[in-house]
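Numbering (this note's numbering), first residue to last: 1291 to 1687.
Glycine included, each C-beta is placed from N, C-alpha and C at the ideal position.
Everything numeric in this text was worked out from a predicted model, so none of it was measured.
Here's what the structure looks like:
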């Protein structure tokens, strides 16, 4: 097919029900059980992820936990452990990078891998990779195999969708070179990249229900209907995608936020939470070898009004105290401004942006700043080895 580079070999890997798979790995008693990872129903919890056995009961991600329990009273609820999920993700991504230098991670449980330069067939490589992750990490994963990212991703989504078992799909779906258009054609328009619910509705009003029907429309006609994106849709509907697998993702910001089970109006408690968030943001910033100049505070009041405030540091930093002190000052200013209204807080968050790479500079004399960094580095080493709760710093009063 014109426009298709048949020499490219692209894999799309997606870890099946990732949070649940990690929980099953830690607690084998959960295997084959209907369970969901998320918050408690009485605390406005939602389903972050659910096992395939739970999905057979009609439960799905983003569903209120109370609704999930009404569908199946025997549902087991497991609280989320994001540190554990991050570690498992890192284990998977390490294996992908060992396989190929061209890895594009697009979420905690999803990545593209370019294996075009490998002599083996793409399907063979996919099966070996799946077996490695299954056997070494005890995690299920599905892969899509195609000549480009677009088709590999849709192939994987379709392979997982076709699985109707109470077990993870652990599927491999291969679209052979030259068959991209034939594979995409029968699929509904919503399956195509760039087609959301509103665009799909517009297509349906025009009598267009499948990707093949989009492909039959001239690009000029689609441009008239949808603007510049119309020409992109015309190419995608034919299975054409030139986008490369890019291994260098520049981090724009690092953030952490929390939504409270019950709205809070105690500034002392809120500042303690802010301190914990600052520690998490600082640790992730140092892990990526970055320093940021701008600190942002996010607040959501009980009435769902959300505000964002920011301040610039005198110089770029990756230190917890710098992040906390700046965020706390922003918080204090907003708190005093709303003191008379007795407002309570539903969500609070911190972000750091304006990154520069850490500069390695030799200090001739030890300063309070350098002592603080040495202490911070020592804390990081202990926490990386024994967990974040191994050593706790004194929180603000």
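query, result
"Cβ-based neighbour list, residue 1632, same chain, cut-off 8 angstroms, excluding 5 preceding and 5 following", "1555"
"Cβ separation of residue 1485 and residue 1427, assumed to be a contact under 8 angstroms, to the nearest whole Å", "So it is not a contact: roughly 34 angstroms between Cβ atoms."
"Residue 1346 classed as buried or exposed, judged by whether at least 16 other C-beta atoms fall within 10 angstroms", "exposed"
"Bridge-paired residues (DSSP) for residue 1328", "1337"
"Residue 1619 versus residue 1639 - alpha carbon distance", "14 angstroms"
"Assigned exposure category for residue 1542 - 16 Cβ within 10 Å defines buried", "exposed"
"For residue 1613, the nearest candidate out of 1628, 1599 and 1571 (CA to CA)", "1571"
"Buried/exposed call for residue 1312, threshold 16 Cβ in 10 Å", "buried"
"Contacting residues, own chain, Cβ-Cβ under 6 angstroms from residue 1569 (five flanking each side not counted)", "1610"
"For residue 1432: DSSP bridge partner residues", "1304"
"Local Cβ density within 10 Å of residue 1302, reported as buried at 16 or more and exposed below that", "buried"
"Exposed unless 16 or more other CB atoms sit within 10 angstroms - verdict on residue 1337", "buried"
"Status (buried if at least 16 other CB within 10 Å, exposed otherwise) for residue 1511", "exposed"
"Backbone CA spacing between residue 1375 and residue 1404 [nearest angstrom]", "25 angstroms"
"Residue 1395 in three-state terms, based on DSSP", "strand"
"Proximity to residue 1343 [Cα-Cα], best of 1321, 1359 and 1334", "1321"
"Where residue 1317 sits in the DSSP three-state scheme", "coil"
"Nearest to residue 1587 (by Cα), restricted to the options 1576, 1526, 1411 and 1599", "1599"
"Pair within 8 angstroms by beta-carbon distance, residue 1353 and residue 1330", "no"
"Whole-angstrom distance between residue 1307 and residue 1458, CA atom to CA atom", "7 angstroms"
"Residue interval of the alpha helix (DSSP H) (run including residue 1410)", "Segment: none, residue 1410 is in no alpha helix (DSSP H) and carries neither H nor E."
"Supposed close pair residue 1636, residue 1591 - CB separation, criterion 8 angstroms", "6 angstroms"
"DSSP state of residue 1390 mapped onto helix, strand, coil", "coil"
"Helix, strand or coil at residue 1517 [DSSP, three-state]", "coil"
"Residue 1558, buried or exposed, once every other Cβ within 10 Å from all chains shown has been counted against 16", "exposed"
"Through-space distance from residue 1630 to residue 1482, alpha-carbon basis", "51 angstroms"
"Three-state secondary structure assigned by DSSP to residue 1723", "An answer regarding residue 1723 cannot be provided, because it is not within the stretch 1291 to 1687 covered by the chain."
"For residue 1656, the three-state DSSP class (helix, strand or coil)", "Summary for residue 1656: the model assigns pLDDT 47, below 50, so the residue's position carries little reliability; its value from the coordinates is reported in the next sentence. In the structure shown, residue 1656 sits in coil (DSSP, three-state: anything other than H, G, I, E or B)."
"Proximity below 8 angstroms, CB of residue 1304 to CB of residue 1400", "yes"
"Cβ neighbours of residue 1315 in the same chain (closer than 6 angstroms, five flanking residues each side left out)", "1428"
"Alpha-carbon spacing of residue 1595 relative to residue 1563, whole angstroms", "20 angstroms"
"Residue 1583 CB to nearest heavy atom of the ligand ZN below 7 angstroms", "The ligand ZN is not among the ligands present in this structure, which contains no ligands whatsoever."
"Whether residue 1643 touches residue 1579 by CB criterion (8 angstroms)", "no"
"Residue 1400 in three-state terms, based on DSSP", "strand"
"Residue range of the unbroken beta strand (DSSP E) whose run includes residue 1553", "1543 to 1554"
"Beta-bridge partners of residue 1601, as assigned by DSSP", "1585"
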